[in-house]
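Asker:
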Amino acid sequence: MQPYRPRPVLQMNRVAVCLAAAVASLATVGCRKPTVQAVPPPPRVGVIKSYRMTVPVLATPNGTTRALQEVTIRARVRGFLTELHFQEGDSVKKGQLLFVIDEEQYKVALESAQATQAEAAADLKKAEVSKVREVAAAQLALSRAQLLLSQLQERRARTLLARNAGSREELDKAEADRQRWEAQVEADDANYQQAKADYDVGIAAAQARGKSAQAAVRDAELNLGYCRMSAPIDGRIGEAKIKVGNLVGPDSTGGGSFTELATIQQLDPMGVDIQVSSRYLERATELTRKGLTVRLFRPGLHGQQEHSEKGVCYFIDNTIAPTTSTFLSKARVANPQGALLPGEYVKLQLVVDQLENAVVVPAQAVMETEAGPVVYFVDEQSKVAVQSVEAAQTYEGLRVILAGLEADVPVIVEGLQLIRPGMTVQAQPAVLPRSSRAPSEDLSPIPAPKGDAAKAGVKGHSSRPVVQPGGPRSAVVEALESRQADRPPAPAADAGDAPK
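Residue numbers -27 to -1, 1 to 473, in mature numbering (1 follows the signal peptide of the UniProt record, and there is no 0), belong to the letters of the sequence shown in order.
1. In whole angstroms, what separates the C-alpha of L234 from that of L71?
2. With A257 and S302 assumed to form a contact (beta carbons below 8 angstroms), what rounded beta-carbon distance in angstroms separates them?
3. Hey, would you say G175 sits closer than 8 angstroms to S116, going by beta carbons?
4. From this set, A380, Q401 and G377, which residue's C-alpha is nearest G388's C-alpha?
5. Could you compute how far the alpha carbon of G320 sits from the alpha carbon of T38?
6. Kindly indicate which three-state DSSP category D173 falls into: helix, strand or coil?
7. Count the other CB atoms within 10 Å of the CB of A118; is the residue buried (16 or more) or exposed (fewer)?
8. May I ask you to report which of helix, strand or coil DSSP gives L133?
9. Output the distance between the C-alpha atoms of V249 and A32, rounded to the nearest integer angstrom.
10. Any idea what DSSP makes of S85, helix, strand or coil?
11. Which same chain residues, not among the five before or five after A193, have their C-beta less than 6 angstroms away from its C-beta?
12. One question on the structure: do I206 and Q42 come within less than 8 angstroms of each other, judged by their Cβ atoms?
13. Verify whether the separation of the beta carbon atoms of A170 and L97 is less than 8 angstroms.
14. Answer yes or no: do A312 and V285 have a C-beta to C-beta separation smaller than 8 angstroms?
15. Could you spell out the range, first to last residue, of the alpha helix (DSSP H) harbouring L405?
16. Between D326 and K216, what straight-line distance do the alpha-carbon atoms span, to the nearest angstrom?
17. The beta strand (DSSP E) spanning L274 covers which residue range?
18. If you run the structure through DSSP and keep just helix, strand and coil, what is C200?
19. With H, G and I counted as helix, E and B as strand and the rest as coil, what does DSSP make of G208?
20. What residues in its chain sit with their C-beta under 7 angstroms from that of A94, if we drop five residues either side in the sequence?
21. Give the straight-line distance between the Cα atoms of E107 and Q157, rounded to the nearest whole angstrom.
22. Report the residue from T89, E148, A189 and C200 whose alpha carbon sits nearest the alpha carbon of A48.
23. Buried or exposed: which applies to R372, given that a residue is buried once 16 or more other Cβ atoms fall within 10 Å of its Cβ?
24. Select from A344, L54 and Q239 the residue whose C-alpha is nearest the C-alpha of K67.
25. In its own chain, which residues sit with a C-beta less than 6 angstroms from the C-beta of A331, not counting the 5 before and 5 after it?
26. Is the region 352 to 363 in contact with the region 381 to 398, if contact means three or more CB pairs nearer than 8 angstroms?
27. Quick one: what's got a C-beta closer than 6 angstroms to E143's C-beta in the same chain, skipping five residues either side?
28. According to DSSP, simplified to helix, strand and coil, what is S64?
29. Compare the C-alpha of A149 against each of N219, S23, G244 and S123 and name the closest.
30. Any idea if D161 is buried or exposed, counting beta-carbon neighbours within 10 angstroms, 16 or more meaning buried?
31. Among S251, V324, P295 and T342, which one has its Cα closest to the Cα of G264?
32. Please list, in chain order, all residues of the same chain as V(-5) whose beta carbon is under 7 angstroms from its beta carbon, the five residues on each side excluded.
33. Restricting to Cα atoms, I'd like to know which of E341, E279, V382 and L57 is closest to G218.
34. Would you identify the three-state DSSP class for A48, choosing helix, strand or coil?
35. Around the Cβ of T232, are there at least 16 other Cβ atoms within 10 angstroms (buried) or fewer (exposed)?
36. Please return the same chain residues whose Cβ sits closer than 7 angstroms to the Cβ of T89, not counting the five positions on each side in sequence.
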């Protein structure tokens, strides 16, 4: 059998069909019009116009919380601790019973003192009703009467003898009687004086014994009262240092120490010790007299958290620490929930002055560059322009512009990563909520770039009037600038929104 061989005519037909299809395809392509590439629209950016407002000048010193009152409960009498009436860490009220020491021996001591007092009262009454003085007085009166009688008898005997009506013997007897009664009167008078003295001494001694017995009773009552220890102030009680069943009381060696049982700290209101820079001394002293308020910020899981209550400064020290150039100020702040504890590190915010009519922009509008802080804005031709500025620190989400920018300039706050100077953009209003946060530093100005760096920063700037750095300053601004030498510039707020 012959092997199969394809027919030549069929192969030629297939080649012709392929060529015809290729020619038809090329003809179709050649008849189409060339495609024109569309130009993309300008990028959209969010803008907010700069504006003027009064901005407070803030001091943000560090502080430490402390209890305004702190009391240590100690055992003032010796005995075994029998009762404990609180849970460690509880809030306690003034007068609340906390500890009880065994009272039996002190009850017995009180009863004994009361018995001694009753005995002293009886002795006093006995001394008061004594008749010793009356008896001595009666005896003295009798002797004086007998003396008077003897004197009369002596004169009669002397008269009779002068008339030869009486004898010498009778006169001698009368004289002897007179002398005897004179001596008796002297003796009875001395006895009376002694009786009076004895009575007075007896009364005084009885009264003294009564007072001593009364003091002993009072001492016994105090010791019995010391067995029950109550909270002297409202506050939070700490750990119980001694457990029930242990012997407590004064040091047996007489050293004057007493067993410490627990400590109570007043937490509401809470005190704050603040170290404030000496540059604010005069102003802070003036404002403290008027009731200077402070805001308090404490570390939290998500950064600084503001305390719910504002504090009031009530004390300015009269000494400046030479090593830190700070002075001590004290404030008290309400702490109803007990969120603050003594010894806590806090940051405070004090309004010590204010910048009138200051230009402000959202914090994210200020970009930090090697040449200094700059602001991107949209000029009158809808192009992106850049302006170097002199900026202060952030206040509640706003950046204070000290120089380089005026109010009513549309600064770019959204879409910064899409732009470059000279680019045409579509500006649309941006709505940004004002954040409330604790400033990390004072409102210290950041120096604007100078020389070539400043010239490079104003490329593409529009004809809008601006205040150039180095122009006139207010006294407050000059004071702010003088503080820059004392600390390095703080990092720009919200730098995470800037293009990288």
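Every residue, glycine too, gets a C-beta built ideally from N, C-alpha and C.
Answerer: So, from the listed chains and residues:
1. 10 angstroms
2. 6 angstroms
3. no
4. Q401
5. The identity of residue 320 in the sequence shown is Lys, whereas the question assumes Gly. C-alpha separation (whole angstroms): 10 angstroms.
6. helix
7. exposed
8. helix
9. 8 angstroms
10. helix
11. A82, L83 and A86
12. yes
13. no
14. no
15. That residue, L405, is in no alpha helix (DSSP H); it is neither H nor E in DSSP.
16. 55 angstroms
17. No beta strand (DSSP E) contains L274, which DSSP labels as neither H nor E.
18. coil
19. strand
20. G183
21. 17 angstroms
22. C200
23. buried
24. Q239
25. V28 and V373
26. yes
27. A130
28. strand
29. S123
30. buried
31. V324
32. At V(-5), the pLDDT of 49 sits below 50, so the modelled position is not reliable; the number obtained from the coordinates is stated separately. Correct list: empty, nothing qualifies.
33. L57
34. coil
35. buried
36. A186 and A189
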